[in-house]
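Asks: This is the structure I want to talk about, given as structure tokens.
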Amino acid sequence: MQRKKQRRRKYISLLLTGLLVVSTAAFTGAFSGLAQTSDVQPSDNASDDDWATHRADEGRTGATAGTGPAGPYANTEWKANSTGTVEGATVSGDTVYVGVTTFLEYYGDNGAVTAYDAETGEVRWNQSELRKPNGAPTVSDGTVYVATNAGEEHPHLSAGGKGGLFALDAETGEIEWQNNETTWLGSPIVVGDRLYAITGDNVSVVDVETGERITTLETGLEDSTDGDTNVHHTVEDFAVVDGSVYLSVETATETDDDNEYVINYTYSGSLISLDATDGSHEWTQTADSEVVGMAVADGKVYWTLQPDTVQTYSAEDGTLHWQKQLGYSVDNVEPARITAPAVDDGTVYVGIDDNEYEYGYYDGSGKKNIGAIYALDGQNGQEQWRFETAATVDSAPVLTDDSVFFGAVHTNEQNFTRHSMYALSRDDGTEQWSYATEESGSAHLGSVIPANDRLYTWAHYKVLYPQYGEYRMYALNVSDERPDENHRLADDSVGDQNIAPNVVVTSDNERFEGSDRVVTAVEGGKTVVLNASLSSDSDGEIVSYEWDADGDGEYETSGKTVEVTVPECETVTVNLRVTDDDGGVSTGSAELRGT
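Residue 333 in the UniProt record's numbering sits at position 333 of the sequence shown, and the numbers go up by one each step.
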């Protein structure tokens, strides 16, 4: 029998508002103000359905006037292998542009930008004469801009010395210009004839036609060293709205406590507003927390800070409007992570989760997992609705005209951990649909992009060397047919849940814990014994250990140990699946590379 979604969860509706609709005027009005207050002119970007830069637009709002697959169900329209570790993606028109790292060693890296047909997933072009991209490409007026590492030429790097900031022809991928003065970070923003991009602790401005640097907008923050303490500043993200550049800056303080093996880090943040034309300082706010994300809309700057805080400032003068710490309806559970905000039509949406583990898996702490998506009134921070789930919230929410989408981790109805997607109503937070992809193990779904009535995402694997990994792009579309049990989530209501076991695999000198996929070198032809006896279950006991010793997806061997022979110059993927006495399942994997 089809399960009743609304009965399986606890969402809290405090203030029900009318349907939130994104209008074209909401975007064009902000852009037109730019022409009145600054020499910087708005860009002539593509349609409202585009997601042409990181978090959709110049304000990093995470919102689009287009539509996504609103239901009643979702289905995989296409999936395609990407050419490397995905660093970010954008969608413009009928094309998906993906920045990837294809090669990484101690002496340098290679990267690429790949263009996919948005409807079929077919590769249109692949520009590989680049270094590692450091964020999503940005598309404007027929050109793709991408920020990459800079570096010297090396005989084993196919990109040679071709690092820096690039402009590529959106139709062919051919290089139009390159600025290799330095390493460029993040996702560039195009406003009129100017391109803004991160250069360490500042933002630089270049001419979109030539790539020549016009000026550098300086934060005024300087790195420093004092004895065993180093202070380093990095612009994590920025927005360009109404003639101002807003920067979210992370400050990392590194301290060596007289122990050459231990370095301690503490984090703080600065929110800075600069004039977009001459870089003059407008205002600064600071926080003693690690910065996460930002968005600028409706004359306000929304800033999220770890682990649970949303702050909102006046975009004009930096006055704090309101601050809110988020939590759960369940007692004695505290958030460990917060997402970047998404903002539209006076409402801010943000996600939290109580799982500290970076890639959304059980961390061995014995906690019950709870994730949540909040809708808050942008004027005062008052909660409009809250959606709570036992799934791990694994990506920042994104918005279309009637839906909120986000990525999560949860088991499917076959009891396997899967990376999944949720669609919620923007009106009241009720679930429209959920869908489990085929990704498991150490996969981590990247950002979610709604465009062309589809939802695009990609799978990461925590692999040290991207040249040895496998990566996939997904496009989901709407479906009238209920998906099979492999793609349906198990009960994700908040309450008493079984805690899945913690996977630990050891060999002679290596330890693989949790769902990390780790590549380790093994002498070719040698037989390695992998041992899972250190795996544990905090609320029960492990009753079975199953091994897939050749990476074919079939678990052929049972027991706490398995022997694997690694051929010379080949890589063997070994997967482990453990099950506890309540039916909880966890998986882990290791890649053994024969030398």
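For each residue, glycine too, the CB sits at the ideal point set by N, CA and C.
1) Check for me: the beta strand (DSSP E) holding T183 runs from which residue to which?
2) When DSSP builds the beta bridges, which residues end up paired with T339?
3) Determine the extent of the beta strand (DSSP E) in which D548 is found, giving its start and end residues.
4) So what's N486 in DSSP terms, helix, strand or just coil?
5) Pull up the distance between the alpha-carbon of residue 599 and that of A197, whole angstroms please.
6) Candidates D237, N230, E176: which alpha carbon is nearest E212's?
7) Near T120, which residues of its chain fall below 8 Å by C-beta distance, leaving aside the five closest residues on each side in sequence?
8) Can you give, in chain order, each stretch of the beta strand (DSSP E) that sits fully within the stretch 65 to 124 and has at least 3 residues?
9) Provide the residue span of the beta strand (DSSP E) that contains V585, from first to last.
10) Roughly how many angstroms separate the alpha carbons of V585 and N575, rounded to a whole number?
11) Work out the CA separation of E254 and P133 for me, nearest whole Å.
12) For the putative contact between V96 and Y374, defined by C-beta atoms under 8 Å, what is the C-beta separation to the nearest angstrom?
13) Looking at C-alpha atoms only, which residue of V348, Y302, I542, T571 is the closest neighbour of T587?
14) Taking just the CA atoms, how far does V146 sit from S248?
15) DSSP state of G135, grouped into three classes?
16) Out of S187, D288, S82, point me to the one whose CA is closest to residue 656's CA.
17) So, with DSSP's three-state summary, where would you put G293?
18) Would you identify the three-state DSSP class for D317, choosing helix, strand or coil?
19) What does the alpha-carbon distance come out to for the pair T85 and M421?
20) In the DSSP assignment, the beta strand (DSSP E) including E282 goes from what residue to what residue?
21) Quick one: grab the DSSP three-state call for V21.
22) Please tell me whether V191 and V240 are closer than 8 Å, where the distance is taken between their beta carbons.
23) DSSP on N369, reduced to helix/strand/coil?
24) Since S420 sits in a beta bridge, which residues does DSSP pair it with?
Replies: In this structure, then:
1) Here residue 183 is taken as the residue at index 183 of the sequence shown, counted from 1. Here T183 belongs to no beta strand (DSSP E), and DSSP marks it neither H nor E.
2) The residue labelled residue 339 in the question sits at position 339 within the sequence shown. DSSP output for T339 lists no bridge partner at all.
3) The residue given as residue 548 occupies position 548 in the sequence shown. Counting along the chain, the beta strand (DSSP E) containing D548 begins and ends at 542 to 548.
4) As a working mapping, residue 486 is identified with position 486 in the sequence shown. Three-state result, N486: helix.
5) Given a span of 1 to 595 for the chain in the structure shown, any question on residue 599 remains unanswerable.
6) Here residue 212 refers to the residue found at position 212 of the sequence shown. Among D237, N230, E176, the Cα nearest to that of E212 belongs to E176.
7) Position 120 of the sequence shown, counted from the first residue, corresponds to residue 120. Only W78 meet the Cβ criterion.
8) Within the stretch 65 to 124, the complete beta strand (DSSP E) runs of at least 3 residues fall at 73 to 81, 85 to 92, 95 to 105, 108 to 117.
9) Numbered from its first residue, the sequence shown carries residue 585 at position 585. From DSSP, the beta strand (DSSP E) with V585 extends over 585 to 594.
10) Position 585 of the sequence shown, counting from 1, holds the residue named residue 585. Position 575 of the sequence shown, counting from 1, holds the residue named residue 575. Using only the alpha carbons, I get a separation of about 13 Å.
11) Position 133 of the sequence shown, counted from the first residue, corresponds to residue 133. Position 254 of the sequence shown, counted from the first residue, corresponds to residue 254. Whole-angstrom Cα-Cα distance: 26 Å.
12) Along the sequence shown, read from residue 1 onward, the residue named residue 96 stands at position 96. Along the sequence shown, read from residue 1 onward, the residue named residue 374 stands at position 374. About 29 Å separates the two Cβ atoms, so there is no contact after all.
13) Against the sequence shown, residue 587 aligns to sequence position 587. It is I542.
14) Taking the sequence shown and counting its residues from 1, one reaches residue 248 at position 248. Taking the sequence shown and counting its residues from 1, one reaches residue 146 at position 146. Roughly 20 Å between the two C-alpha positions.
15) Residue 135 sits at position 135 when you count from the first residue of the sequence shown. Coil at G135, not helix or strand.
16) Since the first residue shown for the chain is 1 and the last is 595, residue 656 is missing from the structure and cannot be characterised.
17) Here residue 293 refers to the residue found at position 293 when the sequence shown is read from its first residue. Strand at G293.
18) Position 317 of the sequence shown, counted from the start, is the residue given in the question as residue 317. The answer is coil: DSSP assigns D317 none of H, G, I, E or B.
19) Translated into positions along the sequence shown, residue 85 becomes position 85. Translated into positions along the sequence shown, residue 421 becomes position 421. One C-alpha to the other measures close to 20 Å.
20) Mapped onto the sequence shown, residue 282 falls at position 282. It spans 281 to 287 - the beta strand (DSSP E) in which E282 sits, taken as one unbroken run.
21) Residue numbering aside, residue 21 sits at position 21 when the sequence shown is read from its first letter. With a pLDDT of 30 at V21, under the threshold of 50, the predicted position of this residue should be treated as unreliable, though the coordinate-derived value follows. DSSP, reduced to helix, strand and coil, places V21 outside both helices and strands of the structure shown, so it counts as coil.
22) As a working note, residue 191 is residue 191 in the sequence shown. As a working note, residue 240 is residue 240 in the sequence shown. Yes, these two residues count as a Cβ contact at 8 Å.
23) Residue 369 sits at position 369 when you count from the first residue of the sequence shown. Judged by DSSP in its simplified three-state form, N369 adopts coil rather than helix or strand.
24) In the sequence shown, residue 420 corresponds to position 420, counting from 1. The beta-bridge partner set that DSSP reports for S420 consists of A408, A436.
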